[in-house]
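Beneath this line is the structure, given in structure tokens, with notes to follow.
Numbering (this note's numbering), first residue to last: 1 to 107.
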């Protein structure tokens, strides 16, 4: 039986955490060996919302196997995992990615 992601009201990401809809997915990714980017925490991108970077490729098959992914969570292998309710995302760290932010992103 797959895990349901609870549809809660809008709760934005904090400086160190993704939104409540993506937290269970991030937890599973970490339990299976992925790691958060410890330097940048949440990046507040003016065009794409709040982004949590992870060090390794995102295992989309794992996410699909464990979770009943609701329609507002978008799994996009070319980009990452995005919550369209909260404008929050999990993406693999990529030095070529350009962010629209007022702060420097360190790679």
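Don't be surprised by glycine CBs; every beta carbon is placed ideally from N, CA and C.
Note that the structure is a prediction, hence the values are computed from the model and not measured.
Supposed close pair residue 75, residue 66 - CB separation, criterion 8 Å: The beta carbons of residue 75 and residue 66 sit about 12 Å from each other, so the pair does not count as a contact at 8 Å.
Other residues of its chain near residue 35: CB distance less than 8 Å, five sequence neighbours each side excluded: Taken in chain order, the residues that qualify are 54, 55, 56.
Runs of 4 residues minimum, wholly inside the stretch 14-48: which ones carry the alpha helix (DSSP H) assignment? Listed in chain order, the complete alpha helix (DSSP H) runs (minimum 4 residues) inside the stretch 14-48 are 23-31.
Considering only DSSP beta bridges, list what residue 55 is partnered with. Beta-bridge annotation (DSSP): residue 55 is not paired with any residue.
Near residue 37, which residues of its chain fall below 8 Å by C-beta distance, leaving aside the five closest residues on each side in sequence? Excluding positions up to five away in sequence, the list reads 52, 53, 54, 55, 93.
Who are the near neighbours of residue 64 in its chain, counting only those whose CB is closer than 8 Å to its CB and skipping five residues on each side? Hits under 8 Å: 75.
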